[in-house]
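**Q**
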Amino acid sequence: VALVQSDMKKLIAYSSVAHMAIVTIGLFAFNRQGLEGAMMVMLGHGLVSGALFLCVGVIYDRMHTREIAKYGGLSNNMPKYALLFMLFTMASVGLPGTSNFVGEFLALVGAYEISSWVAFVATIGVILGAAYMLYLYARVCYGTSSKPDAAAMPDLTPREVAMLVPIALAVLWMGVYPESFLAPMRNDVGSILARLAPTAPESDAKVAIGPVKTPAAHAEAHH
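Count the sequence shown with my numbering and you get residues 678 to 900, in order.
See the structure below:
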């Protein structure tokens, strides 16, 4: 569905749905890798998706349209915008060194431990996600626009730079040093897994077959 979208905002919204699918797979793996991966995807997705919507808002403020076909070649007249938009796009597809990579990798590893087929299908979804996000970036920042006004749009203002750069730094921080985010959640993940674990293994459970003797009946039997 995302591949045929002509509206940038709708395409990014469908990308959000795809990321929530990875979160769901990680959560229902019910293992440490899956849970930690799901939590990391939620954190990274909050940053990346918000940044992508802001990037759409930046050019919508100039052109008053979200149609992908109306843009093109923005890397020529908006190089700073194209650079930041590229970073957030690469983070959305899970490029190593960005926020979403660690979470998606852990979630898929957790899913693989439970079912290799589930992990395989989820990996196909990740590949398709990369296809439509790269399609969006290529159409917006490369080629030529059908509207001459797009070639005259000014680059990011200082206020827009101040808004997007901190998010970009956070995205890189999560990708380069994920341990600073994984460490605080380990105790909580351990507590969740402890609650999910059975109180006793099934092999230890014994099923009584036949009439169950009460303590009184047991005493009478000895008399």
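Even glycine gets a Cβ: it sits at the ideal position worked out from N, Cα and C. On a predicted model such as this, the values are computed, not experimentally measured, just so you know.
1) Suppose contacts are defined by Cβ-Cβ distances below 9 Å. Is residue 770 in contact with residue 811 by that definition?
2) May I ask you to report which of helix, strand or coil DSSP gives residue 847?
3) DSSP three-state label for residue 832, please.
4) Just checking my contact of residue 784 with residue 703 at CB under 8 Å: how many whole Å lie between their CB atoms?
5) Should residue 865 and residue 754 be called a contact, given that it needs their Cβ atoms to be closer than 9 Å?
6) Alpha carbon to alpha carbon, how far is residue 700 from residue 824?
7) Are the beta-carbon atoms belonging to residue 779 and residue 861 less than 9 Å from one another?
8) To test your reading of the DSSP string, which unbroken alpha helix (DSSP H) runs of 4 or more residues are found completely within the stretch 747-814?
9) Is the distance from the Cβ of residue 728 to the Cβ of residue 765 below 9 Å?
10) Considering only residues of the same chain and omitting the five flanking positions on each side of residue 876, which have a CB-CB separation below 7 Å?
11) Would residue 749 be called buried (16 or more neighbouring beta carbons within 10 Å of its own) or exposed?
12) For the stretch 681-690 against the stretch 728-740, are there 3 or more C-beta pairs whose distance is under 8 Å?
13) What are the partner residues of residue 744, as DSSP defines its beta bridges?
14) Taking the alpha helix (DSSP H) that residue 706 belongs to, which residues open and close that run?
15) Identify, in the order they occur along the chain, each residue of the same chain with its Cβ nearer than 8 Å to the Cβ of residue 707, setting aside the five sequence neighbours on each side.
16) Out of 692, 698, 693, 690, which has the shortest C-alpha to C-alpha gap to residue 795?
17) Who are the near neighbours of residue 882 in its chain, counting only those whose CB is closer than 8 Å to its CB and skipping five residues on each side?
18) Short of 6 Å in beta carbon distance, which residues of its chain neighbour residue 739, apart from the five on each side in sequence? Order them along the chain.
**A** Straight from the coordinates:
1) Numbered from its first residue, the sequence shown carries residue 770 at position 93. Numbered from its first residue, the sequence shown carries residue 811 at position 134. Contact: yes.
2) In the sequence shown, the residue the question calls residue 847 occupies position 170. DSSP places residue 847 within a helical segment (H, G or I) once states are collapsed to three.
3) In the sequence shown, the residue the question calls residue 832 occupies position 155. If DSSP states are grouped into helix, strand and coil, residue 832 belongs with coil.
4) Mapped onto the sequence shown, residue 784 falls at position 107. Mapped onto the sequence shown, residue 703 falls at position 26. Distance from residue 784 to residue 703 at the Cβ level is roughly 3 Å; contact confirmed, criterion being Cβ atoms closer than 8 Å.
5) Within the sequence shown, residue 865 is the residue found at index 188, counting from 1. Within the sequence shown, residue 754 is the residue found at index 77, counting from 1. Result no, Cβ atoms of residue 865 and residue 754 do not sit closer than 9 Å.
6) Locating residue 700 in the sequence shown gives position 23, where the first residue counts as 1. Locating residue 824 in the sequence shown gives position 147, where the first residue counts as 1. Going by the C-alpha atoms only, they are around 39 Å apart.
7) Within the sequence shown, numbered from 1, the residue matching residue 779 stands at position 102. Within the sequence shown, numbered from 1, the residue matching residue 861 stands at position 184. The answer is no: Cβ separation not under 9 Å.
8) Counting only runs of 4 or more, we get 751-754, 756-769, 776-791.
9) As a first step, residue 728 is located in the sequence shown; it is residue number 51 there, counting from the start. As a first step, residue 765 is located in the sequence shown; it is residue number 88 there, counting from the start. Yes, these two residues count as a Cβ contact at 9 Å.
10) Taking the sequence shown and counting its residues from 1, the one referred to as residue 876 is at position 199. Any reading at residue 876 needs caution, since the residue's pLDDT is 41, under 50, leaving its predicted position unreliable; the model's value is listed next. Excluding sequence neighbours, residue 876 sits near nothing in its chain.
11) Taking the first residue of the sequence shown as 1, we reach residue 749 at position 72. By the Cβ-count criterion, residue 749 is buried, with 16 or more other Cβ atoms from all chains shown falling within 10 Å of its own Cβ.
12) Look at the beta carbons and you see the stretch 681-690 touching the stretch 728-740: at least three pairs across the two are nearer than 8 Å.
13) Within the sequence shown, residue 744 is the residue found at index 67, counting from 1. Looking at the DSSP assignment, residue 744 forms a beta bridge with 684.
14) By one-based count along the sequence shown, residue 706 stands at place 29. Looking at the DSSP string, residue 706 is not in any alpha helix (DSSP H), and its letter there is neither H nor E.
15) What you label residue 707 is simply residue 30 of the sequence shown in a count that begins at 1. Closer than 8 Å at Cβ, skipping near neighbours: 791, 870, 873.
16) Residue 795 sits at position 118 when you count from the first residue of the sequence shown. The candidate whose alpha carbon is nearest that of residue 795 is 698.
17) In the sequence shown, residue 882 corresponds to position 205, counting from 1. The predicted model places residue 882 with a pLDDT of 38, which falls under 50 and marks its position as unreliable, so this point remains unresolved.
18) Position 62 of the sequence shown, counted from the start, is the residue given in the question as residue 739. Cβ neighbours of residue 739 beyond the five flanking positions: 830.
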